[in-house]
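Heads up, the thing below is written out as structure tokens.
In this note's numbering, the protein residues as written are 10 to 268.
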């Protein structure tokens, strides 16, 4: 793993928030409408999400278990999976913590929570990353898979993760990755901006499902650089913050520890 050096000053809105990407006019006209747009999009496409994940893989359960184990998830731990979606990360965590542990899921989308309930038997709650409905110092591990780009404020979300973690607890975040090289960027863009949305429309016959994948790529491509995310984690109080490219053009990880 690598630890980035000094980070540039994160972009800020007038209210002081650090958003994960700029306003995307193609989808919503102003930033104040972003959360409502994202919630509606996920609610309306939740029934297709497992089909979409099968189209582009998204790491698979085996990879999530491997990555979580490598990040320090162990038997008996209490885990909070933020933006649980269809419970891909949560199911991997359940296998690792065993009967002595506990995995709790939270998501702002009622549609996603409904889909999660089909495959996940742990506790579920509706809520957003910036205002988690849980008490402080409770969880040993906080996870978030492919959803950091949807929070409204990076520092506020990370501060909430820090708050609900017990001392010594860890955070693990899986995100999309765009290569820095022009060739790698172009190849990744071709796959994620053209092939994946097209296949999504073909298999789901739902234009909103295609829009979800269009939005996925645009938010990944426009996401703030890793240095900004690492700096936000440190500002929220995390130590031993690390960033790692796991699969170039597909996945990267962020990890940190609460002292």
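Glycine residues also receive a C-beta, built at the ideal position from the N, C-alpha and C atoms.
Local Cβ density within 10 Å of residue 96, reported as buried at 16 or more and exposed below that: One-based indexing of the chain shown puts residue 96 at position 87. That one is buried.
Residue 260 beta carbon near the ligand FMN (any heavy atom closer than 7 Å): The ligand FMN is not part of this structure, which contains no ligands at all.
Local Cβ density within 10 Å of residue 108, reported as buried at 16 or more and exposed below that: The residue you call residue 108 lines up with position 99 of the chain shown. It counts as exposed.
Contacts around residue 123, its chain only, beta-carbon distance under 8 Å, and the 5 residues preceding and following it disregarded: The residue you call residue 123 lines up with position 114 of the chain shown. Answer for residue 123: 55, listed in chain order.
Straight-line Cα distance separating residue 173 from residue 26: Residue 26 sits at position 17 when you count from the first residue of the chain shown. Residue 173 sits at position 164 when you count from the first residue of the chain shown. Straight-line Cα distance between these residues: approximately 20 Å.
Rounded C-alpha distance that separates residue 92 from residue 81: Your numbering for residue 92 matches position 83 in the chain shown. Your numbering for residue 81 matches position 72 in the chain shown. Going by the C-alpha atoms only, they are around 20 Å apart.
Range of the contiguous alpha helix (DSSP H) that encloses residue 32: Taking the first residue of the chain shown as 1, we reach residue 32 at position 23. Counting along the chain, residue 32 sits inside no alpha helix (DSSP H), nor does DSSP assign it H or E at all.
Start and end residues, alpha helix (DSSP H) containing residue 47: Taking the chain shown and counting its residues from 1, the one referred to as residue 47 is at position 38. Segment 43-54, the alpha helix (DSSP H) holding residue 47.
Identity of the residue in 106, 235, 43 and 266 nearest residue 252 by Cα: The residue labelled residue 252 in the question sits at position 243 within the chain shown. The shortest C-alpha separation from residue 252 is found at 235.
Backbone secondary structure at residue 86 - three-state DSSP: As a working note, residue 86 is residue 77 in the chain shown. Residue state, collapsed to three classes: coil.
Distance CB(residue 264)-CB(residue 180) smaller than 8 Å: Numbered from 1 along the chain shown, position 255 holds the residue referred to as residue 264. Numbered from 1 along the chain shown, position 171 holds the residue referred to as residue 180. Yes. Within cutoff.
Secondary structure of residue 95, DSSP reduced to three states: Locating residue 95 in the chain shown gives position 86, counting from the first residue. The DSSP-derived three-state label of residue 95 is coil.
Residue from 118, 30, 114 and 86 whose Cα sits closest to the Cα of residue 50: Numbered from its first residue, the chain shown carries residue 50 at position 41. Minimum Cα distance to residue 50 is reached at 118.
Beta-carbon proximity list for residue 32, same chain, < 6 Å, skipping 5 on both sides: Residue numbering aside, residue 32 sits at position 23 when the chain shown is read from its first letter. Once the five neighbours on either side are set aside, the close Cβ partners of residue 32 are 40.
Range covered by the beta strand (DSSP E) that runs through residue 214: Your numbering for residue 214 matches position 205 in the chain shown. For residue 214, no beta strand (DSSP E) segment is defined, and its DSSP state is neither H nor E.
8 Å Cβ cutoff, residue 241 in contact with chain C: Given the protein chain composition of this structure (a single chain), no chain C is represented.
Distance CB(residue 112)-CB(residue 102) smaller than 8 Å: Within the chain shown, the letter at position 103 stands for residue 112. Within the chain shown, the letter at position 93 stands for residue 102. Yes. Within cutoff.
Alpha-carbon to alpha-carbon, residue 127 and residue 17: Here residue 17 is taken as the residue at index 8 of the chain shown, counted from 1. Here residue 127 is taken as the residue at index 118 of the chain shown, counted from 1. Confidence at residue 17 is low in this model, with a pLDDT of 38, below 50, so the placement of that residue should be treated as unreliable; the coordinate-derived value is given next. Taken atom to atom, the span from the alpha-carbon of residue 17 to that of residue 127 is near 43 Å.
With 16 other Cβ atoms within 10 Å as the buried cut-off, status of residue 190: Looking up residue 190 in the chain shown gives position 181. Residue 190 is classed as exposed because its beta carbon has fewer than 16 other beta carbons within 10 Å across all chains shown.
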